[in-house]
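In full-length UniProt numbering, the protein residues as written are 1 to 322. We put the CB at the ideal spot given by N, CA and C, even for glycine.
And the structure:
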């Protein structure tokens, strides 16, 4: 992008005889700054000219990405603290935070950042919090679970222990990754999210059965399960979903679909690692796929990905030869 290239080259607009971009209305300039990949890059546009100096404070997207696991942690947290102090509490569309942290040193900072986003009526909340301390998941305060502005929420490596009812009246998409929750939590989500349409579970654990009986939830993505020491059988009761995707590594012995009677489309693209079950790994894979096929025989569109194709072909030829 032009503005990004000029910032990287250290060029100020005052040095140019003609600055057509800076003559654009503020609303357009703010939109340009908002489209930069991160908030750090948005702030750097302030070096272009005095006209651009404070434009970043009006952007509706805040994106903080810390990719240095073992370096500059203090600098990153200081930068975010300073940025949120300088920015007015204006409406936020997206607040995205990816970081490594130590809960004993920086947990309160992250809680304050999330609270800032919530008070700015953020619609898209995206958190990926990798703890290098003694706890695995980041504990979310109750104020996160009561918000009528959320429309899309993605939470990675978070602990889900609400102290009261959940109220996400406008939430349409909910993604949980690397988190632990029980059956009661999801029932709480279902009852408090009447607009929820899409649910994505990525390497989550803590539950053995999910009852997805909400009439609003139409799309379910189940991506990976790697806690066989906790549970090796998962049951799903989802009578109203229309699409189902099961993919990535499943450290499971059985994946039981109890009721998916409304399902129209399903996509299977998972793998099962070698395990010392009563059967061989090949037999375990075939048994799981057979269970899927029997429960999905009514769907109009069934896609089998490359990860399942070998087992699918063997199963298909066995059926043909009968």
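The shortest C-alpha to C-alpha distance from residue 194 to any of 207, 200, 212 is the one to 212.
In the same chain as residue 260, and ignoring 5 residues on each side of it, the C-beta atoms closer than 6 Å to its own belong to 238, in chain order. Within the stretch 190-253, the complete beta strand (DSSP E) runs of at least 3 residues fall at 198-202, 209-211, 219-225, 233-237, 243-250. Residue 241 places its beta carbon 8 Å or farther from that of residue 216.
When rounded, the separation of the alpha-carbon atoms in residue 149 and residue 32 is 25 Å. Between residue 272 and residue 256, the C-beta spacing is not below 8 Å.
At least 8 Å separates the beta-carbon of residue 266 from that of residue 221. Leaving aside the five residues that flank residue 129 on each side, the residues in its chain whose CB is nearer than 6 Å to its CB run, in chain order, 138, 157. Residues of the same chain with a CB within less than 6 Å of the CB of residue 208, apart from the 5 flanking positions on each side, are 231 in chain order.
Between residue 161 and residue 53, the alpha-carbon positions lie close to 42 Å from each other. Within a 10 Å sphere around the beta-carbon of residue 245 sit 16 or more other beta-carbons, which makes this residue buried. Bounds of the alpha helix (DSSP H) holding residue 82 are 73-86. Residue 79 and residue 27 have their C-alpha atoms spaced approximately 26 Å apart.
The alpha-carbon separation between residue 210 and residue 111 amounts to approximately 29 Å. Ranked by Cα distance from residue 104, the options 87, 248, 308, 132 are led by 132. Shown here for residue 226: same chain residues with a beta carbon closer than 7 Å to its own, the five before and five after excluded, namely 203, 249, 251 in chain order. In the DSSP annotation of this structure, the continuous segment of the beta strand (DSSP E) that includes residue 152 starts and ends at 152-156.
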